[in-house]
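Participant:
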Amino acid sequence: MILWKIFLAFFIPGILGYGGGPASIPLVENEVVKRYGWLTVNEFSEVLAMGNALPGPIATKMAGYIGFQEAGVAGATVGIFATVAPSLILMIALLSILYKYKDSPKVKRMTMYIRPTIAVLLGLIAFRFFLSSYEGGGVWNTAFLVIVSFLLLERWKVHPAFVIAGALGYGALFMA
Numbered sequence: 011m012i013l014w015k016i017f018l019a020f021f022i023p024g025i026l027g028y029g030g031g032p033a034s035i036p037l038v039e040n041e042v043v044k045r046y047g048w049l050t051v052n053e054f055s056e057v058l059a060m061g062n063a064l065p066g067p068i069a070t071k072m073a074g075y076i077g078f079q080e081a082g083v084a085g086a087t088v089g090i091f092a093t094v095a096p097s098l099i100l101m102i103a104l105l106s107i108l109y110k111y112k113d114s115p116k117v118k119r120m121t122m123y124i125r126p127t128i129a130v131l132l133g134l135i136a137f138r139f140f141l142s143s144y145e146g147g148g149v150w151n152t153a154f155l156v157i158v159s160f161l162l163l164e165r166w167k168v169h170p171a172f173v174i175a176g177a178l179g180y181g182a183l184f185m186a
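The numbering of the sequence shown is this note's numbering, which starts it at 11 and goes up by one.
#1: I'd like the span of the alpha helix (DSSP H) that includes Ile-127, first residue to last.
#2: Do the stretch 100 to 107 and the stretch 26 to 44 touch if we need at least three Cβ pairs shorter than 8 Å?
#3: Kindly indicate which three-state DSSP category Val-173 falls into: helix, strand or coil?
#4: For Met-185, which of Lys-15, Ala-129, Tyr-28 and Thr-152 has the nearest alpha-carbon?
#5: Assign Thr-121 to buried or exposed, taking buried as 16 or more other Cβ atoms, counted over all protein chains shown, within 10 Å of its Cβ.
#6: Excluding the five sequence neighbours on either side, which residues of its own chain have a C-beta within less than 8 Å of the C-beta of Ile-68, listed in chain order?
#7: Determine the DSSP secondary structure at Tyr-28, reduced to helix, strand or coil.
#8: Look at the alpha carbon of Leu-178 and the alpha carbon of Pro-170, and state the distance between them as a whole number of angstroms.
#9: List the whole-angstrom C-beta distance separating Pro-23 from Val-43, where the pair is believed to meet the contact cut-off of C-beta under 8 Å.
#10: With H, G and I counted as helix, E and B as strand and the rest as coil, what does DSSP make of Tyr-180?
#11: In the stretch 14 to 94, which residue ranges form an unbroken alpha helix (DSSP H) of at least 4 residues, counting only runs that do not cross its ends?
#12: According to the Cβ coordinates, are Ala-81 and Ile-12 closer than 7 Å?
#13: What did DSSP end up calling Met-11 once you bin it into helix, strand or coil?
#14: Residues in the same chain with beta-carbon distance under 7 Å from Val-94, minus the five sequence neighbours each way, listed in chain order, please.
#15: Suppose you measure from the CA of Trp-166 to the CA of Val-158; what does that come to, to the nearest Å?
#16: Between Pro-96 and Phe-21, which are expected to be in contact by the criterion C-beta below 8 Å, what is the C-beta distance as a whole number of angstroms?
#17: What would DSSP say about Lys-110, mapped onto helix, strand or coil?
#18: With DSSP run on the structure shown, which of helix, strand or coil describes Met-185?
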C-alpha cells in the first residue's frame with residue numbers, strides 16, 4: 011500500500027504540474043507534507059535545498075529521496091517512475107499533436123497565462139519556508155541568512171550550491 015501512496019504522491023503533481031519541476035514543487039509539498047505527513051515543512055525545505063544543490067531535475071531527486079525514506083529501494087524506484095511517467099505517457103501519446111501545434115499562438119498564450127500561477131505557488135511555498143525558518147531559528151539567524159544569501163547570490167554571483175552548503179554549515183554550527 012505504501013508503494014501505491016508513493017506513486018500517487020508523485021504522479022498527481024507530475025500530471026498537474028505543467029511547467030516542469032518548479033511548477034510541481036508546491037504540489038509535491040502538499041502531497042508529502044499535508045496529505046501523507048511523511049515530512050514536516052522544515053524537512054521538506056531541506057530536501058528541496060539538497061535537490062537544488064545537486065545536478066539534474068529537482069522533482070526526480072526529491073521523489074527518489076522521499077520514496078527511499080518511506081519504502082527503501084522499491085519506494086525510490088516507484089517515486090522516480092511516478093515523477094517521469096506523466097511526461098513519458100504524454101510525450102508518447104501526444105507527440106504528433108504537440109509537434110503540429112508547437113508554434114501555435116494559442117499554445118504560447120496558454121503558457122503565458124500559466125506562468126503567473128506558478129510564480130504565486132512558488133512565492134507561497136517560499137513564504138511558508140521563511141515562516142518556519144523564523145519560528146525555528148529566530149529573527150537574527152533568519153535575517154543573517156537571508157541577507158548573506160542575497161548578497162552572495164546577487165552581488166557576488168556565488169553558485170547556489172555553495173550558498174546552500176554554507177547555510178547548512180551555519181545551521182549545523184550555530185543553530186543545532
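The C-beta atom is built at its ideal place from N, Cα and C for all residues, glycine as well.
Facilitator: Checking against the coordinates, here is how it stands:
#1: Numbered from 1 along the sequence shown, position 117 holds the residue referred to as residue 127. As written in the sequence, residue 127 is Thr, which differs from the Ile given in the question. Segment 115 to 147, the alpha helix (DSSP H) holding Thr-127.
#2: no
#3: Taking the first residue of the sequence shown as position 1, residue 173 is located at position 163. Helix at Val-173.
#4: For the purposes of this step, residue 185 is identified with residue 175 of the sequence shown, where counting begins at 1. For Met-185, the nearest C-alpha among the options comes from Thr-152.
#5: Taking the first residue of the sequence shown as 1, we reach residue 121 at position 111. With fewer than 16 Cβ atoms within 10 Å of its Cβ, Thr-121 is classed as exposed.
#6: What you label residue 68 is simply residue 58 of the sequence shown in a count that begins at 1. For Ile-68, where only same-chain residues beyond five positions count, the Cβ hits under 8 Å are Gly-31, Pro-32, Ile-35, Leu-58, Gly-61 and Asn-62.
#7: Translated into positions along the sequence shown, residue 28 becomes position 18. In the structure shown, Tyr-28 sits in coil (DSSP, three-state: anything other than H, G, I, E or B).
#8: Here residue 178 is taken as the residue at index 168 of the sequence shown, counted from 1. Here residue 170 is taken as the residue at index 160 of the sequence shown, counted from 1. So the alpha carbons of these two residues sit roughly 12 Å apart.
#9: Taking the first residue of the sequence shown as position 1, residue 23 is located at position 13. Taking the first residue of the sequence shown as position 1, residue 43 is located at position 33. Not confirmed; about 12 Å, so no contact.
#10: Start at 1 with the first residue of the sequence shown, and residue 180 comes out as number 170. Reduced to three states, the DSSP call for Tyr-180 is helix.
#11: 31 to 39 and 51 to 63
#12: Taking the sequence shown and counting its residues from 1, one reaches residue 81 at position 71. Taking the sequence shown and counting its residues from 1, one reaches residue 12 at position 2. Going by C-beta atoms, Ala-81 is nearer than 7 Å to Ile-12.
#13: Working through the sequence shown from its first residue, we reach residue 11 at position 1. Coil at Met-11, not helix or strand.
#14: Against the sequence shown, residue 94 aligns to sequence position 84. For Val-94, where only same-chain residues beyond five positions count, the Cβ hits under 7 Å are Thr-70.
#15: Taking the sequence shown and counting its residues from 1, the one referred to as residue 166 is at position 156. Taking the sequence shown and counting its residues from 1, the one referred to as residue 158 is at position 148. When rounded, the distance between both Cα atoms is 11 Å.
#16: Counted from its first residue, the sequence shown places residue 96 at position 86. Counted from its first residue, the sequence shown places residue 21 at position 11. Contact flag correct, Cβ pair sits at about 6 Å.
#17: Numbered from its first residue, the sequence shown carries residue 110 at position 100. Three-state result, Lys-110: helix.
#18: Residue numbering aside, residue 185 sits at position 175 when the sequence shown is read from its first letter. Coil at Met-185, not helix or strand.
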